[in-house]
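Below you'll find the structure, written out as structure tokens, and then a few comments.
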Amino acid sequence: MACARRMKTLASTCVILSGMTNIACLLYVGWITNFVNEKDPERKLEEDKGETLRIIERLERLENVVNSHLQERPQKDREDAADLSLSDSPLFLRWGRDLGPESRRVALHKFQYYGYNAYLSDRLSLDRAIPDLRPDGCKNISYHASLPQVSIVFIFVDEALSVILRSVHSAMRRTPSHLLREIILVDDSSNNADLRKNLQTFVEETNQRRPDFIKMVRHTKQEGLIRSRVSGWRAASAPVVALFDAHVEFNVGWAEPILHRIQEDRRRVISPSFDNIKYDTFEVEEYPLSAHGFDWELWCRYLNPPRSWWSQKNHTAPIRSPALIGCFVVDRRYFEEIGLLDEGMEVYGGENVELGIRVWLCGGSVEVLPCSRIAHIERAHKPYTDDLAAHVRRNAFRVAEVWMDEFKNHVYMAWNVPLQNSGIDIGDISKRKLLRERLQCRPFRWFMKNIYTEMRTYTDTIAYGELKNSLRPDLCVDQGPDSDNIPILYLCHGMTPQNVYYTSSGQLRVGVLSPTIDDNDNKCLVDVNGRPRLLECSYAGNKHMKHSWLFTQGGSIQNTESRYCLELVQSSGVEVGYQLTLQTCTTQTWTITNILTAKVL
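In my numbering, the protein residues as written are 7 to 607.
Listed below in structure tokens is the structure:
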């Protein structure tokens, strides 16, 4: 799921992967041993530390084996077939200028295959130091000694071995030993030989010293991230389960704040605060503290913390969050009680939004903890699926139909898909609807009013989709380059720049629907001195500009003040041969793809 970071007061717009950003996003927790029913916990803790050091020594020996293996042959299997056409690859914008031709070729192989700089990762220590990015007050907080244990679940498919081992290594180094019961590795049917041989060797050697400390779950066919997380949960035995990607690095003190909050209330689903491991240099970049939300396509996004959090003037306080960016920590039994993840979803995307909505509507809560920080690799591209958007769209419609009540049309509008007869098979949702009924969950309107108050709604929309003129029905109105504010005509492609929304007040909005009040405003079609322009709707309204239009399906589009019509004229100066103009009305007519049946034009 690609999670957009948009912080109005804190700054920055970033795309996270979740791991997300195509997906995706991630999580935490961990260490080693049974602390339960011990008469001498301090002695047990010292024994655990010694056992941990022995396991880490094995990790370091394996690192040497892996590095020598990499020197012999850069990679194998499908990685060798990766396309080397990245002559202008972003990999080399900030890194690798001194590499020789062969090393450059190998680095490009790995970059395209993994979406990050696996060449560099293979040469970094598994036990490297990363900056402590917690707010200052976090270091002075003490926690109860009897926190619950946790099972850490790592999900991966064809991940670089060094990245997986670094994730495990950092968990073991930076988590109190008595809190981590086990680590579970879920391999979603990888093809890499490293993940069949060397990873298995590491697991077996570790388990010789500590039986069943690391569990391997291998899928015989690829199930996708969502069902893989459920597989990991099923293998877990600790009271708390942490589900995250296998390309993370844990920071100091990340586990205790989360386990403390869950111990206080088992209905809390919690995310750490995430920092970015840059895909090219592997430097750790601090991200501002944020909540997690979503737009109307149900892509996850970072949000400013709510005003109530800022008013506390305490940067260590939990941040109330409408949703999750994909990875989370949860009480194991509570997760089952509320319905796990929707296993009817495919691959990746939407499950994080659905879980957040479901938890809030059904009596739980979602938090982000500033004192728990984890660094996550944000890939430059998602190598594991050709069309992530198609999966996210299908999953989003499942969420809309089960949970979003009268607001579900916003999701269809954002994806530019008809509300009825969409042509998209979302699978059977009857069990999810029964789950909502059994849990006696609140209506979605409650969520909008009480939890996600920043979300904009578009209940005034009466028609949406592609806007076409009968003179050239192969061309659509398009927002054009953002910097120009000039609408254009372009060959119809059905993507966001060609989304048009006609409202009951006569506005014609073009382009993406701004999801929250912290985002830039929507763009409206305006008559500016007899020329069509796209300006922020609120600005046009405040300045009493000419931004109201009369439109009927199959009729003209006429400005209510100037009386000019939006029409097409031939132009040799543009690629498609026609451009938009405002002129005295002729016989040109327009159609828009979708009309909401309750508000017929």
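We put the CB at the ideal spot given by N, CA and C, even for glycine.
Item: Whole runs of the alpha helix (DSSP H) within the segment 445-500, excluding any shorter than 4 residues; Value: 450-456
Item: L541 to A329 span [Cα, whole Å]; Value: 31 Å
Item: Option nearest G362 by Cα separation, candidates L445, K145 and I276; Value: I276
Item: Backbone CA spacing between I62 and S234 [nearest angstrom]; Value: For I62, the predicted structure reports a pLDDT of 48, less than 50, and the residue's modelled location is therefore unreliable. The matter cannot be settled from this model.
Item: Helix, strand or coil at Y611 [DSSP, three-state]; Value: Residue numbering for the chain in the displayed model covers 7 to 607; residue 611 lies beyond these limits and cannot be assessed.
Item: Stretch pair the segment 156-165 + the segment 252-264: three plus CB contacts closer than 8 Å; Value: yes
Item: Boundaries (first-last residue) of the alpha helix (DSSP H) holding S371; Value: Element bounds for S371: not the alpha helix (DSSP H) but the beta strand (DSSP E), S371 to I383.
Item: Rounded straight-line distance, which links the Cα of V372 to that of L97; Value: 36 Å
Item: Whole-angstrom distance between N358 and Y209, CA atom to CA atom; Value: One point to set straight first is that residue 209 is Val, not Tyr, in the sequence displayed. Approximately 30 Å between the Cα atoms of the pair.
Item: Neighbourhood of D271 by C-beta, 8 Å cutoff - its chain only, sequence neighbours within 5 removed; Value: S371
Item: Straight-line Cα distance separating L473 from T595; Value: 10 Å
Item: Cβ-based neighbour list, A406, same chain, cut-off 6 Å, excluding 5 preceding and 5 following; Value: K414 and V417
Item: Ranges of the beta strand (DSSP E) found wholly within the segment 535-597, counting only runs of at least 3; Value: 537-542, 555-557, 563-565, 571-576 and 584-589
Item: Endpoints, beta strand (DSSP E) assigned at N282; Value: R274 to I283
Item: Continuous alpha helix (DSSP H) assignments of at least 4 residues falling wholly in the segment 230-273; Value: 231-241 and 261-270
Item: Beta-carbon proximity list for A166, same chain, < 6 Å, skipping 5 on both sides; Value: Y120, A124 and S127
Item: Any non-hydrogen atom of the ligand FMN within 8 Å of A381 CB; Value: This structure lacks the ligand FMN, and indeed carries no ligand of any kind.
Item: Touching by the beta-carbon criterion (3+ pairs, under 8 Å), the segment 505-519 and the segment 549-568; Value: yes
Item: C530, DSSP secondary structure in three states; Value: strand
Item: For A297: DSSP bridge partner residues; Value: L309
Item: Cβ distance (whole Å) where V398 is taken to contact L304 below 8 Å; Value: 7 Å
Item: Beta-carbon proximity list for D484, same chain, < 6 Å, skipping 5 on both sides; Value: I494, Y496, P503 and Q504
Item: Contained alpha helix (DSSP H) runs [length at least 4] in the segment 404-430, N- to C-terminal order; Value: 414-421
Item: Inter-stretch contact at 8 Å, needing at least 3 Cβ pairs: the segment 364-383 / the segment 140-150; Value: yes
Item: Backbone CA spacing between S157 and L607 [nearest angstrom]; Value: 56 Å
Item: Spatial distance of N282 from Y584 (CA atoms); Value: 45 Å
Item: Cβ neighbours of K549 in the same chain (closer than 8 Å, five flanking residues each side left out); Value: none
Item: Contact belief for F280 with H184 at Cβ below 8 Å, rounded distance in angstroms; Value: Actually they do not touch by this definition, with Cβ atoms about 26 Å apart.
Item: DSSP beta-bridge partners of K221; Value: I190
Item: Which of helix, strand or coil DSSP assigns to S157; Value: strand
Item: D200, DSSP secondary structure in three states; Value: helix
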